[in-house]
Amino acid sequence: MAEKKMILDLDTGIDDALALAYAIGNPDVDLIGVIASYGNTTNQIAAQNTLNLLHLLGADDVPVFIGEGHSSTTNHFDVMPISQQIHGKNGIGDVELTTANHQVSNQSGVDFLIEVAHKYQDQLIMLPTGPLTNLAKALEIDPAVGQLIGQTTLMGGALSVPGNVTPFSEANIHQDPEAADVVFRHQENLTMVGLDVTLRTLLTKAHTAEWRELGTVAGQKYADIVDYYIDAYHDLGINENGAALHDPLAVAVSIDPSYMTTLPLNMKVTYDNQTGDYGRTIGDTARLLDPTTAQAAVLVDQKRFVPDFQKQMLAVLK
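According to my numbering, the stretch in the sequence shown is residues 7 to 324, in order.
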C-alpha cells in the first residue's frame with residue numbers, strides 16, 4: 007500500500023476519466039476516494055460516470071462521494087453548451103458503459119474530505135479537477151483543513167496565457183471564482199496546474215489507436231471516449247494537433263513534481279462582475295511579502311510526460 011493517499015475531486019468528463027485511470031494505475035499513490043462535482047456535467051452524472059469507469063478499470067473498491075451540486079453563490083447548475091460539445095451529453099463522449107453495481111457513499115464528499123484530512127494529514131494529496139466549491143466548503147466548516155492537507159494540486163486557472171472561457175478566466179475557476187478565491191487564500195501547500203502547462207501536453211489518435219490494439223474492453227471504451235474529445239478539439243478549432251491532457255497532468259505532477267517548473271506565488275482569484283474582472287488567477291499584492299504557500303506551474307516537460315502517460319495508460323487498459 008502506497009504511503010501517499012489521494013482524493014480526486016472530479017466533474018467526470020473525458021480528461022477526468024483519464025486522470026482517474028492514471029491515478030488507479032500509479033503505484034506511488036493509493037486512491038482512497040473520489041468526490042463527484044459539477045462542471046463538465048452535473049454532480050449526479052459525474053458520480054455515475056465515475057462508478058462506471060471504476061468498474062471498467064476493475065477498481066470497484068474505490069468509494070465515490072457526492073460533492074456540492076452548484077457554485078457557492080447560486081442555487082442551481084446548468085451545464086454549459088460548450089461543455090456538452092467537448093465532453094458529450096453524458097460527459098464521456100456519449101459512449102455507453104456497463105452500469106456499475108456499487109453505489110455512491112451515504113457520506114457527503116465534503117464530510118469525507120474533512121475526515122481524511124484529519125486522518126492522513128501530510129500523507130494526503132487533494133486533487134480537484136473541476137470547480138473548487140467542495141474544498142472551499144470544507145474550509146468554511148473546518149478551517150484547519152487548510153493546514154492539515156499535505157498537498158493540494160488543482161487543475162485550473164491561467165497565469166501566463168488567456169483563459170478558455172473569457173480572456174481572463176479558465177473554465178474550472180470560472181464556475182465558482184468566489185470559492186476558488188477562498189481556496190487560493192487559505193489552502194496551504196497549493197499547486198496550480200493551469201492552461202499555461204496543460205495546453206502543451208497533447209494526446210492524439212495515434213495514442214488511442216494503441217489502446218484499441220490491446221484488444222480489451224477498457225482499451226476500446228477509453229479509445230472511443232477520447233477520440234470524441236480529440237474530434238471536438240479539432241471541430242471547435244481549439245487545437246487541430248490533439249487534445250490537452252489537462253486533468254491527468256495535474257495527477258502526474260502531484261506525484262512527480264519534476265515534470266514541471268513552478269513559480270512560487272501567493273495568489274488570489276478575482277470576482278468583480280461590474281468590471282468583468284471575473285475568475286482571474288493572479289498574484290495577491292497584499293501577500294507579496296508573506297511566506298509563500300502556493301506555486302503556479304509555468305513550464306512542463308511535455309516530451310517526457312506524454313510518453314510516460316501513454317506507457318501508464320497502456321498498462322492500466324490491458
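All residues carry an ideal CB built from backbone N, CA and C; glycine is no exception.
{"query": "Terminal residues of the alpha helix (DSSP H) in which Gly-152 lies", "result": "151-154"}
{"query": "For Ile-179, the three-state DSSP class (helix, strand or coil)", "result": "helix"}
{"query": "Pairwise C-alpha distance: His-240 and Ile-131", "result": "33 Å"}
{"query": "Contact the segment 262-270 vs the segment 133-144: 3+ CB pairs below 8 Å", "result": "no"}
{"query": "DSSP three-state assignment for Val-199, whether helix, strand or coil", "result": "strand"}
{"query": "The segment 42-58 / the segment 241-251 touching (three or more Cβ pairs under 8 Å)", "result": "no"}
{"query": "Secondary structure of Gly-225, DSSP reduced to three states", "result": "helix"}
{"query": "Distance CB(Pro-69)-CB(Ser-111) smaller than 9 Å", "result": "yes"}
{"query": "Contact under 9 Å by Cβ, Ala-142 with Val-203", "result": "no"}
{"query": "Counted within 10 angstroms of its Cβ, other Cβ atoms place Ser-309 as buried (16 or more) or exposed", "result": "Per the sequence shown, residue 309 should be read as Lys rather than Ser. Exposed."}
{"query": "Rounded straight-line distance, which links the Cα of Glu-9 to that of Gly-156", "result": "12 Å"}
{"query": "Extent of the continuous alpha helix (DSSP H) to which Lys-125 belongs", "result": "115-126"}
{"query": "Val-6: first and last residue of the uninterrupted alpha helix (DSSP H) it sits in", "result": "An answer regarding residue 6 cannot be provided, because it is not within the stretch 7 to 324 covered by the chain."}
{"query": "Reduced DSSP category for Gln-90 - H, G, I as helix; E, B as strand; rest coil", "result": "helix"}
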